[in-house]
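Presented below is the structure to which this report refers.
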Amino acid sequence: MSALAMTYIFILAIFAGVEVIGRVPAVLHTPLMSGANAIHGIVLIGGVYILGKASGDLTLTLLGFAAVVLGTLNVVGGFVVTDRMLEMFKKKPSQPEKPK
Amino acid sequence: MSLAAEASYLIASVLFVFGLKRLSSARTARSGNLMAALGMAIALGGTLFLEGMANFGLIALAILVGTVPGWILAKRVQMTAMPQMVSLFNGMGGACALLISLAEMHSIPVAEWQHALPTLFGILFGAISFTGSLVAFGKLQGLISEKPLRWPLQKTINSLIVLIIFIASAAMLIQAPGLELSPMQLSLVLTGLALILGVLQVLPIGGADMPVVISVLNSCTGMAAAVTGFAMQNMSMIIAGTLVGAAGSLLTLLMCKSMNRKLSNVLFGSFGAGASGATAGGAASGHDKIQREITFSEAAILMGYGRRVIIIPGYGLAVAQAQHLVHELDELLEKRGVEVKYAIHPVAGRMPGHMNVLLAEANVPYPKLIDMEEINPEFAQTDVALVIGANDVVNPAARKDPSSPIYGMPILNADHAKNILVVKRGRGVGFAGIENDLFFDLKTRMLFGDAKNVLQELVTEVKAL
């Protein structure tokens, strides 16, 4: 993949990132930050890739293993914490959506 | 690359975008989070189908080792400790990006810039995010002093580190002649410097600004993931990392806006003389004024026979885990015909929305939580404003005193109420280290003690009315 193509993707993703959370109410700042925190746990798959291709190189195996452990902590912890926060918002089924 | 992996990354990217979109609306937020989690699972699964992958046993083991503590920590943590938990998980992500970048650096013999540049950024962002988040975690958890720490030449030392990082990176990228160190050795030096920089940068920032710091570090890890994606030519990492980096930056700015502060002021403010001078001035002014105490039974009478009570929760409530007692008090008062509402300042607690989450946990009905702009005009017709462990968000200095560091921050107009009751642990100054004139107001009565104990007493007294 060319560096140029990756740069295009990068720029477009910036716009998408800004656009999707455009008008978020203050109540949701914490869960949103927490959810975003879980999403950048995507580095986990970089770790999986390193470990999967380590092919006997001890340094790579160790680095990859540690990276996968840490990345998994980020992903699992992040999503579960976010879900717990949001669970509380959802408790009352009749609860109206936050105005403005 | 295999088709399965490519397809999984595409699906995951779409799910991340939709997930984030749904996360920004209360009705759909939970499904948004689940969507993003599903995306993550799909991307992870797809990665296993990449050509030449091996070590599946080790991969499974590592995932298991990460999942168990992550799950347990996330499930067990108290609602009040959420902010530091987010910070901790963020630091793990940063460390992960750092290790991956080091592994990448290890596998390349020569530092070609197309590959070395994003890898370098991965190292720097990852390392700063890692130690910065750990310090933020330590501050919120009370392991490190929440006060802004200062030492001589802070700015100079940090600038110097940044300069060395810059020079060393440049030397590696242009493969400077006469360079004795290999790219890997240089990377380790850079890692050390960036780790130190993360600590030095966050230590001087006061605990009150930690939400903003965590948000900054969150987007920093996002960028780390994105640049690592560049180095590894992995689409889903570029997209997901950039999404978080961009959304996190916007979120940071929104937070700063609700505190009426400049981001540069939060990050570098305590280095300057301005903040320290203002603190000293504030401490000197509240000399001969007195705080008036009130007994629990008198406080109960004020509220129990009033018509309207507004409760202003702050971090003290969260620390004391007193959210259930507040709700109990609220219900007792409502039974007596008192109208009870909650005034929620956008940055009450340690994170925006912190109070909403806590009170929701205690089953306080959502419509009773009123935003600042909406409730401020109501204070004038309110009999009692009950301030529980909040300080800076009700400090009238923000309206009146241009020399105050929080001048201009929108506050809850508790001082307009007919009576103000303040539940506070001690007589000291608040979190931002600023004297609060509200506590010396003639209409104000203090209830000193841990929020939980005080509320327990108030509940007992109101029951006895």
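Protein sequences appear in the order of chains A and B.
Going by the numbering used here, the first residue of the first sequence is number 996, and it counts up by one from there.
Going by the numbering used here, the first residue of the second sequence is number 1094, and it counts up by one from there.
Every residue, glycine too, gets a C-beta built ideally from N, C-alpha and C.
Handout entry: Contact check, residue 1199/B vs residue 1025/A, beta carbons under 7 angstroms
Key = In terms of Cβ geometry, residue 1199/B and residue 1025/A do not form a close pair [threshold 7 angstroms].
Exercise for the section: Please confirm if residue 1081/A has its CB atom under 7 angstroms from at least one CB of chain B. Expected result: Yes, because at least one Cβ of chain B sits closer than 7 angstroms to the Cβ of residue 1081/A.
Handout entry: Assigned secondary structure, residue 1028/A (DSSP; H/G/I helix, E/B strand, else coil)
Key = In this structure, residue 1028/A counts as helix in the three-state DSSP scheme.
Practice task
Would you verify that the beta carbon of residue 1103/B is, or is not, closer than 7 angstroms to some beta carbon of chain A?
Solution key: By this cut-off, residue 1103/B is not an interface position.
Practice task
Taking only runs that begin and end inside the segment 1320-1361 of chain B, name each unbroken alpha helix (DSSP H) of 4 or more residues, in chain order.
Solution key: Entirely contained in the segment 1320-1361 of chain B, the alpha helix (DSSP H) runs reaching 4 residues are, in chain order, 1328-1351 and 1356-1361.
Exercise for the section: Please look up how many angstroms separate the CB atoms of residue 1179/B and residue 1032/A, rounded, as I've assumed it's under 8 angstroms. Expected result: Beta-carbon to beta-carbon, residue 1179/B and residue 1032/A are separated by about 5 angstroms, close enough to satisfy the 8 angstroms threshold.
Practice task
Indicate whether residue 1435/B and residue 1395/B have their beta-carbon atoms separated by less than 7 angstroms.
Solution key: With contacts defined by Cβ atoms closer than 7 angstroms, residue 1435/B and residue 1395/B do not form a contacting pair.
Problem - C-alpha gap between residue 1145/B and residue 1048/A, whole angstroms - result: Linking residue 1145/B to residue 1048/A through their CA atoms gives a straight-line distance of about 7 angstroms.
Practice task
Note down, one range per segment and in chain order, each beta strand (DSSP E) of at least 3 residues found wholly within the segment 1390-1415 of chain B.
Solution key: DSSP runs (the beta strand (DSSP E)) wholly in the segment 1390-1415 of chain B: 1401-1406.
Handout entry: CB-CB length for residue 1243/B against residue 1297/B, believed under 8 angstroms
Key = Right, the Cβ-Cβ distance comes to about 6 angstroms (below 8 angstroms), so this counts as a contact.
Practice task
Within the same chain, show all residues whose beta-carbon is closer than 7 angstroms to that of residue 1227/B, passing over the 5 residues directly before and after it, in chain order.
Solution key: Result list for residue 1227/B: 1184, in chain order.
Handout entry: Under 7 angstroms between C-beta atoms of residue 1022/A and residue 1446/B
Key = Contact annotation: residue 1022/A and residue 1446/B have beta-carbon atoms nearer than 7 angstroms.
Exercise for the section: Within the same chain, show all residues whose beta-carbon is closer than 7 angstroms to that of residue 1429/B, passing over the 5 residues directly before and after it, in chain order. Expected result: Same-chain partners within the cutoff: 1397.
Exercise for the section: Select from 1282/B, 1249/B and 1305/B the residue whose C-alpha is nearest the C-alpha of residue 1264/B. Expected result: It is 1282/B whose Cα lies nearest to the Cα of residue 1264/B.
Exercise for the section: Assign residue 1115/B to buried or exposed, taking buried as 16 or more other Cβ atoms, counted over all protein chains shown, within 10 Å of its Cβ. Expected result: By the neighbour-count criterion, in which 16 or more other beta carbons inside 10 Å mark a residue as buried, residue 1115/B falls on the buried side.
Handout entry: Contact with chain A by residue 1206/B, beta-carbon distance below 7 angstroms
Key = Answer no: the Cβ-Cβ gap between residue 1206/B and chain A never drops below 7 angstroms.
Exercise for the section: Report yes or no: do three or more beta-carbon pairs, one from the segment 1228-1240 of chain B and one from the segment 1284-1296 of chain B, lie closer than 8 angstroms? Expected result: Counting Cβ pairs under 8 angstroms, three or more are found: they touch.
Handout entry: Supposed contact pair residue 1319/B and residue 1331/B - C-beta distance, whole angstroms, cut 8 angstroms
Key = About 5 angstroms separates the two Cβ atoms, so the contact holds.
Exercise for the section: Pull up the distance between the alpha-carbon of residue 1492/B and that of residue 1503/B, whole angstroms please. Expected result: Whole-angstrom Cα-Cα distance: 8 angstroms.
Exercise for the section: Over the uninterrupted alpha helix (DSSP H) stretch that includes residue 1257/B, give me the two end residues. Expected result: Looking at the DSSP string, the run of the alpha helix (DSSP H) that includes residue 1257/B is 1247-1266.
Exercise for the section: Drop a sphere of 10 angstroms on the beta-carbon of residue 1388/B, count the other beta-carbons inside from all chains shown, and report buried for 16 or more, exposed for fewer. Expected result: Exposed, by the Cβ-count rule.
Exercise for the section: Tell whether a beta-carbon distance below 7 angstroms holds between residue 1408/B and residue 1442/B. Expected result: In this structure, residue 1408/B lies near residue 1442/B, with their beta-carbon atoms less than 7 angstroms apart.
Practice task
Tell me, please, whether the segment 1464-1482 of chain B touches the segment 1037-1046 of chain A by the rule of three or more beta-carbon pairs shorter than 8 angstroms.
Solution key: Result no; under three Cβ-Cβ pairs closer than 8 angstroms.
Practice task
Taking C-beta pairs closer than 9 angstroms, name the residues in chain B that residue 1044/A reaches, listed in chain order.
Solution key: Close to residue 1044/A, with beta-carbon spacing below 9 angstroms, are these residues of chain B in chain order: 1140, 1143, 1146, 1193, 1325 and 1327.
Problem - Within 7 angstroms, strictly: CB atoms of residue 1126/B and residue 1017/A - result: Cβ distance not < 7 angstroms, so residue 1126/B and residue 1017/A don't count as in contact.
Practice task
Compare the C-beta of residue 1029/A against all C-beta atoms of chain B and say whether one is closer than 7 angstroms.
Solution key: Answer yes: the Cβ-Cβ gap between residue 1029/A and chain B drops below 7 angstroms somewhere.
Practice task
With 7 angstroms as the threshold, decide whether the Cβ of residue 999/A is near any Cβ in chain B.
Solution key: No, no contact with chain B.
Exercise for the section: Rounded to whole angstroms, what's the CA-CA distance from residue 1547/B to residue 1164/B? Just pull it up for me. Expected result: Distance between the alpha carbons of residue 1547/B and residue 1164/B is about 34 angstroms.
Exercise for the section: List the residues of chain B whose Cβ lies closer than 9 angstroms to the Cβ of residue 1058/A, in chain order. Expected result: The contacting residues are 1192, 1193, 1195, 1196 and 1199.
Exercise for the section: Give me the Cα-Cα distance between residue 1058/A and residue 1419/B, rounded to the nearest whole angstrom. Expected result: Their backbone Cα atoms lie some 48 angstroms apart in a straight line.
Handout entry: Of the residues 1414/B, 1498/B, 1356/B and 1277/B, the one placed nearest residue 1481/B, counting alpha carbons only
Key = The residue with the shortest Cα to Cα distance from residue 1481/B is 1414/B.
Exercise for the section: Go through its chain and collect everything with a Cβ distance to residue 1410/B's Cβ below 6 angstroms, but skip five positions before and after it. Expected result: Contacts found: 1481, 1482 and 1544.
Handout entry: Other residues of its chain near residue 1257/B: CB distance less than 8 angstroms, five sequence neighbours each side excluded
Key = Cβ within range, chain order: 1286.
Exercise for the section: Answer yes or no: do residue 1352/B and residue 1457/B have a C-beta to C-beta separation smaller than 7 angstroms? Expected result: Not a contact, by the Cβ cut-off of 7 angstroms.
Practice task
Using a Cβ cut-off of 7 angstroms (strictly closer), state whether residue 1041/A contacts chain B.
Solution key: At a cut-off of 7 angstroms, the C-beta of residue 1041/A has a neighbouring C-beta in chain B.
Handout entry: Run of the beta strand (DSSP E) containing residue 1044/A, from where it starts to where it stops
Key = Per DSSP, residue 1044/A is not a residue of any beta strand (DSSP E); the alpha helix (DSSP H) it occupies stretches across 1038-1047.
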